[in-house]
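Residue 1 is where the sequence shown starts when you use the UniProt record's numbering, and the numbers rise one by one after that.
Even for Gly, the Cβ is constructed at its ideal location relative to N, Cα and C.
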Amino acid sequence: MSIDLIHADAHLLIVDKPAGLLSVPGRLPENRDCVVSRLQAIHPDALTVHRLDQVTSGLMVHAIGKDMQRALAGMFERREVCKDYVAVVEGEIEGDAGEIALPLICDWPNRPKQKVDHEVGKPSLTRWRVLERHAGSTRLALQPVTGRSHQLRLHLASIGHPIQGDTLYGAEPRARVLLHASRLAFLHPANGNPVAFESRPPF
C-alpha cells in the first residue's frame, strides 16, 4: 500500500492515507511502518498533527517543523479545521440528517475499544447527512464536531448503524471498514488563506 502526497509547501503536507496503514508507529517492531515514518524518509522535518484509525483511509495534514506542528495542533484543538468523512453504514437510517451527542471514554479492559459513558465520558458530537440509500445500507456524509478516538465508529454503532466492515463495533466482516476522510479545510497558518483538500472515497 502507498500513500499519496497531494499537497506540499514549506509549512505543511497533505497526504491520502490508505486503509490498513498506521498513522504513527506502534510499540511492536512489526508496527513501525506508518504514514509519518514514510513521510520523514522524504521530508525529515515532517511531524504528526492528528491521526486516523488504521482502518480508516483519507486525508491527513502533517506539519513541517515544530512551530507549524504547534500552530496546526492548536487549530484542531480550537475546532478551526473542518473535517468531512464519508461512510457506508449497515441498515437504512431514518431521516435525512441529524446529530449524535453521546459522551465517550476508553473501555480500558477492552482497549482499543471506546464506550459510551454518561457519567465520566467526554462530550462528543457528530453531524450526519444521508447521501444515498440502498437496500440494507446507507451512505452518509459525516462531520465530527469533536475529535474523540473512534468517535464516528462508536456513535454510528450506538444508534444501531455500525459502519460496514467495522467488526470491533458489531458490523459484519468486509474487506475493509467503509470510512474515509474525504475533506479538510482550514486557514493556512502561515498566511491565513483558506485552503481545502478533497479525496474521493475508494468505495
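Residue environment for V24: exposed (fewer than 16 other C-beta atoms within 10 angstroms of its C-beta).
Taking C-alpha positions only, R139 is separated from P189 by approximately 33 angstroms. Excluding the 5 residues flanking it on each side, D96 has same chain C-beta neighbours closer than 8 angstroms at R129, V130, in chain order.
Look at V36 here: in three-state DSSP terms it is helix. Taking 8 angstroms as the cut-off, the Cβ atoms of L154 and I14 do not count as close. Non-local beta-carbon contacts of I3 in its own chain, meaning distances under 8 angstroms to residues more than five positions away in sequence, involve V15, D16, K17, P18, L21, V35, R38, L39 in chain order. Excluding sequence positions up to five before and after V120, its CB lies within less than 7 angstroms of the CB of I105, all in the same chain and listed in chain order.
Here DSSP, grouped into helix, strand and coil, assigns R148 to coil. The distance from the Cβ of L59 to that of S149 is about 18 angstroms, inconsistent with a contact at the 8 angstroms cut-off. Note on A157: 16 or more other CB atoms within 10 angstroms of its CB, so buried under the neighbour-count rule. Membership of E77 in any beta strand (DSSP E) is not indicated; the residue belongs instead to the alpha helix (DSSP H) covering 66-77.
When DSSP reads this structure, T138 sits in a beta bridge with V89, R133. CA-to-CA, the gap between D67 and C82 works out to about 21 angstroms.
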